[in-house]
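For the sequence shown, my numbering gives the first residue as 129, with consecutive numbering after it. See structure below.
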Amino acid sequence: MKFGFDAIILWSKTGERRSLEFHRNRVNVLSGGSKTGKSALLDIIDYCFLASSHKLPDSIINENVDWYGLKFYVNDKTFALARRSPTGNKVGSEYHFSPNGFVPDIPEDNIREADLRELIESEFSIDEKVSMPFGGKAIKKNSKISFRYFLLFNTISEDIIINSKTFFDKQVEERYREALPRIFDIALGIDDLENISAREQKELLERELRRTERKNAQVRAGRSDFDEEVRDIAVKAAEYGLFQADPKSLSHDAVKNAINSAASVDTGKALDRYAEVTAQLFTVDRRLRRLSQFTTEYRGYKDTLKNAEDSLLPIQQLLARSTALVKSEVFSELISTLKSDLLEVKKSTSRSQPLTAQISTMSRELQAEKAALEKELSVLPQEPASFASERDKWLFIGEAKGRFRTFDSVSGPAVLHQIAGPTEDSLQAQIDGINVRDVDEKRSAVISMINEIAQGLLADTRNALANYATYLTDFSYTEKRLRLRKPRSSLIENVGSSSNHMFLHLLQFLALHEVAVSHKSPFVPTFLVIDQPSRPYYPNKKADDKVKLTDSDSEEVAIAFQLLNDFIGRMNTEYESEFQIIVFEHVPADTFDGMEFVHLLKQFRNGEALIPKSWQRG
C-alpha cells in the first residue's frame, strides 16, 4: 500500500499558513533543538487522522493554531486534509477535505467525519467485511476495524523508542492494546478476509453446537430427574388411593393434579391391576423361557443335520466320478436317493431360515412387552395403605406439592419440552461444510521471515551492537517484540543499554515493513515516522545543543541512519516499491553526509521553530 506525506500544514489564528514539505521515497530528517515543536508533528498526524483525543500542547502550539492539516498520497491519489484545532481537551469536529490535494488559503468545513472515515478506509481496503475476529473489553467482536489500528505499524514515538518491553505505540490505551493482536495477521498477510470470515462462521456454529449439546444434556438429565421424582410421588399417592396408577396417565400434570385435588379413590383398582400385571409378566417370562429352550433345541437339531451332511459328502465324489464307475442295476436308484437326501440336508442347514427370523421377532416383541410391564408395575401399589389421620394425609399432600414446586422452580419448562432450534446433527453438518485454511504454517513462515530480515539488518549494525553481533534475532509473536537469542541456546538475552533497545526497535519495524511490502499488504502504509533515535546518547535522554556526542556515539547514530537509508534503497531495487521515512532529530546535518536517500528539512534552530515567532501572541 503506497502511502506517505507531501506536507504538514498549519494555519494560524490570524489566517497565516505554515508548511513543512517532505520528499517521497526519502528519509526526511527534521533536525532541531529541544522545545521547538518537532515531536508535536507526530501528534498532528495522529490528530488529523480522526483521533478521538489529542496530545497537542496548548501552550505556544495549540493556542496559536486554528487548523492542522496534511497533504498525503495514497497509491495514485493525492489528498489534502485539515481539522479544526482542539478547544482545551475537546477535539475539533470540523474537517476540510480536498480529493485532488489542493491546499486552501483558509480551510472551510466541507465534510462530515463519518464520510471522511469511510473515504480513508476505502483506500485501506477496509469495508464491512473487515471486522474484528474476536472481542475484548474495549473492542466488540465483529465490530468494523478502524484504519487507525494499522497506523500502529507506522510510528516509533519518543515514548517507546528505548522501551525494552513495548515496541508498539499506544499500548497504554486498552483499545489499541486489544487491536494489535487482532490485526497483526491481516496486516502481514498471514491470514486473509475470506478465511477469517469462514473461521468466524465456523467458530460461531461450533459455539452454537456446544450450547445445544449442553442444553440437550440438561434436558435429558432434567427429564430423568423428572421421571424419577414423579414416579416416586405417584407410587405413594397410588398406595394411599390419591392417584389412579395407570401408566398412560403417568405425567407431570396428571400426578400434580391428583395431588392438588387430593380426591380419594378406590385403591382396589390399583391393587387388582398390580395382580393382573404380575400375572401377565409371569406369562411373558414363561414364553421367553420356552423360546429360549426351543432355540437351544433347534440349534442342536441343525448341528445333527450338519453332521449328517458331512457323512454324505462321499456321495458328491461318487457323482463326480460316475462315468468311470461300473454300475449295477440298483446303482442309479441308490445314488438318486442319496443325492436327494444330501440336498434336503443342505437346505435344512442353510445359514438363515424363516423359522429363525420368526423366533427373533417374537423374542424382541416379548422383551419389549416385558419392559413395559415392569415399568407399569413399578408405579402400582403392592398392598393398600391408609393415612393414620387426616393430618397425615395433608402432611403427605403438602410434602408432595412442595417437591413439585421445588423441581419446577429449579428445572423450569426447558427440561420438560423439546428445545427448539437447529439440531446437533444439522449444526455439525454446517460446520463440516465450511473450509477454513489453517494459518499456523503461514504464521510460522512469516515469523521466520521477520527473523531472517532482522538478522540481516543486525549484521549491518554489528559495529553498533558489538556485544550482540553474533546473536540471533527472535521475534516473539505473543509479545510482538524482537528479542536476541544466544547462539546454540534457547536463552533469550536481557539486552542492556537503551541504545541497544533503540536499534532493536528499528530492526523490528523495518523487518515488519519489508514483510508487508513483500506480501503487498493493502493495510500497512509504506511510511515510518520516528521520533529522535539519538535519544539514548544524550544525558537524561533529552536532546541539548550544548551537549556534543562522542565520536563513538556519533558513529552509532550514523549507523542507525545508514540503516534507514539503505532500507529505502533495498525497497526500490528488490521490491520496486517506494518507501518514506520521517525522522525528528537533534543531531547535526553532517551526520547524514553521503547518504543517498536522506532529505534534510530546514533545521529548527536559531529561532526557527514549528510556530513562528510572528504567530505568537504577546
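Glycine residues also receive a C-beta, built at the ideal position from the N, C-alpha and C atoms.
Can we say the stretch 219-226 touches the stretch 152-170, given the rule of at least three CB pairs closer than 8 Å?
-> no
Determine the direct distance from the alpha carbon of ILE696 to that of GLY722, and round the result to whole angstroms.
-> Position 594 of the sequence shown, counted from the first residue, corresponds to residue 722. Position 568 of the sequence shown, counted from the first residue, corresponds to residue 696. Taking C-alpha positions only, GLY722 is separated from ILE696 by approximately 15 Å.
What residue range is occupied by the uninterrupted beta strand (DSSP E) comprising TYR201?
-> What you label residue 201 is simply residue 73 of the sequence shown in a count that begins at 1. Segment 193-202, the beta strand (DSSP E) holding TYR201.
Excluding five sequence neighbours on each side, which residues of the same chain lie with their C-beta closer than 7 Å to the C-beta of ASP319?
-> Position 191 of the sequence shown, counted from the first residue, corresponds to residue 319. The answer, listed in chain order, is ASP313 and VAL567.
Option in TYR201, SER253 and ASP243 with minimal Cα separation from PHE230 | As a first step, residue 230 is located in the sequence shown; it is residue number 102 there, counting from the start. Of TYR201, SER253 and ASP243, the residue nearest in Cα terms is TYR201.
Measure the alpha-carbon distance for ILE620 versus SER604 and round it to whole angstroms.
-> By one-based count along the sequence shown, residue 620 stands at place 492. By one-based count along the sequence shown, residue 604 stands at place 476. If I take the Cα positions, the gap works out to 10 Å.
GLU149 - containing alpha helix (DSSP H), residue span | Position 21 of the sequence shown, counted from the first residue, corresponds to residue 149. Careful: GLU149 lies outside any alpha helix (DSSP H), inside the beta strand (DSSP E) at 145-149.
Is the stretch 643-652 touching the stretch 235-255, taking contact as three or more C-beta pairs under 8 Å?
-> The stretch 643-652, when compared against the stretch 235-255, does touch it at the 8 Å Cβ threshold.
Whole-Å CB distance - VAL574 paired with VAL643, under 8 Å assumed | The sequence position of residue 574 within the sequence shown is 446, counting from 1. The sequence position of residue 643 within the sequence shown is 515, counting from 1. About 6 Å; that satisfies the 8 Å criterion.
Tell me, please, which residues DSSP counts as bridged to ASN156.
-> Translated into the one-based positions of the sequence shown, residue 156 becomes position 28. Paired residues: ILE710 and HIS727.
For the ligand MN, any of its heavy atoms closer than 7 Å to the Cβ of THR406?
-> This structure lacks the ligand MN, and indeed carries no ligand of any kind.
Starting from ASP602, follow the beta strand (DSSP E) in both directions and report where the run begins and ends.
-> Your numbering for residue 602 matches position 474 in the sequence shown. First-last of the beta strand (DSSP E) with ASP602: 600-604.
Mind checking TYR429: buried by the 16 CB within 10 Å criterion, or exposed?
-> On the sequence shown, position 301 is the one that residue 429 refers to. It is exposed - the Cβ of TYR429 has fewer than 16 other Cβ atoms within 10 Å.
As assigned by DSSP and simplified to three states, the class of SER392 = Translated into positions along the sequence shown, residue 392 becomes position 264. Reliability of the predicted coordinates at SER392 is poor, the pLDDT of 42 falling under 50, and no value is obtained from them.
Backbone secondary structure at VAL657 - three-state DSSP = Your numbering for residue 657 matches position 529 in the sequence shown. Three-state result, VAL657: strand.
What is the C-beta distance between CYS176 and LEU209, in whole angstroms, given that I count them as a contact (C-beta under 8 Å)?
-> Looking up residue 176 in the sequence shown gives position 48. Looking up residue 209 in the sequence shown gives position 81. Contact flag correct, Cβ pair sits at about 6 Å.
Going by Cα to Cα distance, which pick from THR424, LEU738, HIS714 and TYR277 is closest to TYR196?
-> Here residue 196 refers to the residue found at position 68 when the sequence shown is read from its first residue. Out of THR424, LEU738, HIS714 and TYR277, LEU738 has the C-alpha closest to the C-alpha of TYR196.
Hey, would you say LEU184 sits closer than 8 Å to ASP171, going by beta carbons?
-> Taking the first residue of the sequence shown as position 1, residue 184 is located at position 56. Taking the first residue of the sequence shown as position 1, residue 171 is located at position 43. Closer than 8 Å, so yes.
Alpha carbon to alpha carbon, how far is ALA587 from ASP694?
-> In the sequence shown, the residue the question calls residue 587 occupies position 459. In the sequence shown, the residue the question calls residue 694 occupies position 566. If I take the Cα positions, the gap works out to 13 Å.
Taking buried to mean at least 16 other C-beta atoms within 10 Å of its own C-beta, is ASP431 buried or exposed?
-> Within the sequence shown, residue 431 is the residue found at index 303, counting from 1. Exposed: under 16 other Cβ atoms inside 10 Å.
Taking all protein chains shown into account, decide if ASP553 is buried (16 or more other Cβ within 10 angstroms of its Cβ) or exposed.
-> Here residue 553 refers to the residue found at position 425 of the sequence shown. Per the 10 Å Cβ criterion, exposed.
Pull up the distance between the alpha-carbon of ARG613 and that of THR598, whole angstroms please.
-> The residue given as residue 613 occupies position 485 in the sequence shown. The residue given as residue 598 occupies position 470 in the sequence shown. Cα-Cα distance, rounded: 9 Å.
Is MET260 closer than 8 Å to ILE273 when the C-beta atoms are compared?
-> Stepping through the sequence shown from its first residue, residue 273 is reached at position 145. Stepping through the sequence shown from its first residue, residue 260 is reached at position 132. Going by beta carbons, ILE273 and MET260 fall inside the 8 Å limit.
Report back the beta-carbon spacing between ILE710 and LEU692 to the nearest angstrom; my notes put them in contact at under 8 Å.
-> Here residue 710 refers to the residue found at position 582 of the sequence shown. Here residue 692 refers to the residue found at position 564 of the sequence shown. Not quite, the Cβ-Cβ distance comes to about 10 Å (not below 8 Å), so this is no contact.
Along the chain, which unbroken stretches of the alpha helix (DSSP H) at least 4 residues long are found entirely within the stretch 293-335?
-> The alpha helix (DSSP H) runs of length 4 or more contained entirely in the stretch 293-335 are, from start to end of the chain, 302-315.
Cβ pair count under 8 Å reaching 3, the stretch 228-242 against the stretch 139-147 = They touch, by the three-pair rule.
Along the chain, where does the alpha helix (DSSP H) that runs through SER682 open and close?
-> Against the sequence shown, residue 682 aligns to sequence position 554. Looking at the DSSP string, the run of the alpha helix (DSSP H) that includes SER682 is 679-703.
Give the straight-line distance between the Cα atoms of MET490 and LEU416, rounded to the nearest whole angstrom.
-> On the sequence shown, position 362 is the one that residue 490 refers to. On the sequence shown, position 288 is the one that residue 416 refers to. Their Cα atoms are separated by approximately 9 Å.
What residues in its chain sit with their C-beta under 7 Å from that of PRO740, if we drop five residues either side in the sequence?
-> Translated into the one-based positions of the sequence shown, residue 740 becomes position 612. Result list for PRO740: ARG146, in chain order.
Look at the alpha carbon of ARG764 and the alpha carbon of LEU332, and state the distance between them as a whole number of angstroms.
-> Here the chain covers residues 129 to 746 and nothing more, so residue 764 does not appear.
Please classify ARG616: does DSSP put it in a helix, a strand, or coil?
-> Sequence index remark: in the sequence shown, residue 616 carries index 488 (1-based). It is coil, neither helix nor strand.
Any idea what DSSP makes of TYR666, helix, strand or coil?
-> Taking the sequence shown and counting its residues from 1, the one referred to as residue 666 is at position 538. The answer is coil: DSSP assigns TYR666 none of H, G, I, E or B.
In chain order, what residues of the same chain have a beta carbon less than 7 Å from the beta carbon of GLU334, not counting five sequence neighbours either side?
-> Locating residue 334 in the sequence shown gives position 206, where the first residue counts as 1. Taken in chain order, the residues that qualify are ILE559.
Do LEU280 and PHE296 have their C-beta atoms within less than 8 Å of each other?
-> Taking the first residue of the sequence shown as 1, we reach residue 280 at position 152. Taking the first residue of the sequence shown as 1, we reach residue 296 at position 168. Against a cut-off of 8 Å, the Cβ pair of PHE296 and LEU280 comes out as a contact.
Considering only C-alpha positions, which residue in the set LYS199, ASN270, ARG303 and PRO227 is nearest to ALA179?
-> Here residue 179 is taken as the residue at index 51 of the sequence shown, counted from 1. Answer by Cα proximity: ARG303.
For ARG154, does the count of other Cβ atoms within 10 angstroms reach 16, so buried, or fall short, so exposed?
-> Here residue 154 refers to the residue found at position 26 of the sequence shown. ARG154 is classed as buried because its beta carbon has at least 16 other beta carbons within 10 Å across all chains shown.
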